[in-house]
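In my numbering, the protein residues as written are 1 to 264.
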């Protein structure tokens, strides 16, 4: 079975794929960010890349190398940029990176560019960069289209009830919690240490931000909720729901088939 990952195929096969009328590249984006004592720093990038790979197999797309650095972690959604291990980009840098990479793919002939977001704080800056890339592409005469998606937005209510029977508190507070830990237990179990999960109540966060960041305002674990109830089975529920809904959305918006990428 051919690889869907761009960096694993040769230039001739790549060029052949780009010439297709439905050529689509998925750019997974994440971050390098602490996820508590039980998971590695690369969670956001690892999950975004893995989900992009599953999505590519459903839609016939290729997956670009992952963006492993993201926008600054914020206390109310990622524990804060002051945390050791969290290594971030500023807004203008992230905007420029996604703009230039997306524009390059469009200039090479890709008909569709999909940015799959895996880091909560990235979204608006990815939006700006992608918007600028499409605008410049249109001015150059291209008809390429782009889509920006955060994978957690595609978890349906039924799946939420199964994964969070005790009640869902919101995606922002899920940093290092059940969602990410369950997906990691499914996709990268060797990198998860459930014996090191800190079981504490959900963080009590303010509805505003204070500068400079105060470490005392968020749990010492770096997580905003407990991952105690995370399981690989719940990760499978989440992965199935997300890839199915993402695939349906792209099929509708970009008229993509469900055929596997064929690269020789």
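All residues carry an ideal CB built from backbone N, CA and C; glycine is no exception.
The beta carbons of residue 11 and residue 154 sit no closer together than 9 Å. In this structure, residue 72 lies near residue 121, with their beta-carbon atoms less than 9 Å apart. Out of 202, 182, 27, 217, the CA that lies nearest to the CA of residue 104 is found in 27. Distance from the CA of residue 64 to the CA of residue 54, rounded to the nearest whole angstrom, comes to 13 Å. In the structure shown, the three-state DSSP call for residue 28 is strand.
Rounded to the nearest angstrom, the gap between the Cα atoms of residue 2 and residue 56 is 12 Å. Taking a contact as a CB-CB distance under 8 Å, the pair residue 89 and residue 70 counts as one, their CB atoms being some 6 Å apart. For residue 146, the closest of 96, 83, 250 by C-alpha to C-alpha distance is 250. Close CB contacts of residue 198 within its chain, under the 6 Å cut and outside five residues either way in sequence, are with 221 (chain order).
When C-alpha distances from residue 176 are compared across 17, 248, 40, 189, the shortest belongs to 40. Where residue 228 is concerned, there is no enclosing beta strand (DSSP E), because DSSP gives it neither an H nor an E.
In the structure shown, residue 105 adopts helical secondary structure according to DSSP, grouped into three states. Here residue 135 is exposed: its Cβ has fewer than 16 other Cβ atoms, across all protein chains shown, within 10 Å. Per the coordinates, the alpha-carbon of residue 209 lies some 10 Å from the alpha-carbon of residue 217. The beta carbon of residue 129 lies closer than 6 Å to those of 95, 98, 99 in the same chain, with the five residues before and after it left out. Contact fails between the region 12 to 26 and the region 183 to 196, because fewer than three Cβ pairs, one in each stretch, are under 8 Å apart. Following the DSSP letters along the chain, one finds residue 145 inside the beta strand (DSSP E) bounded by residues 145 to 150.
Shown here, residue 87 sits in a strand according to DSSP, grouped into three states.
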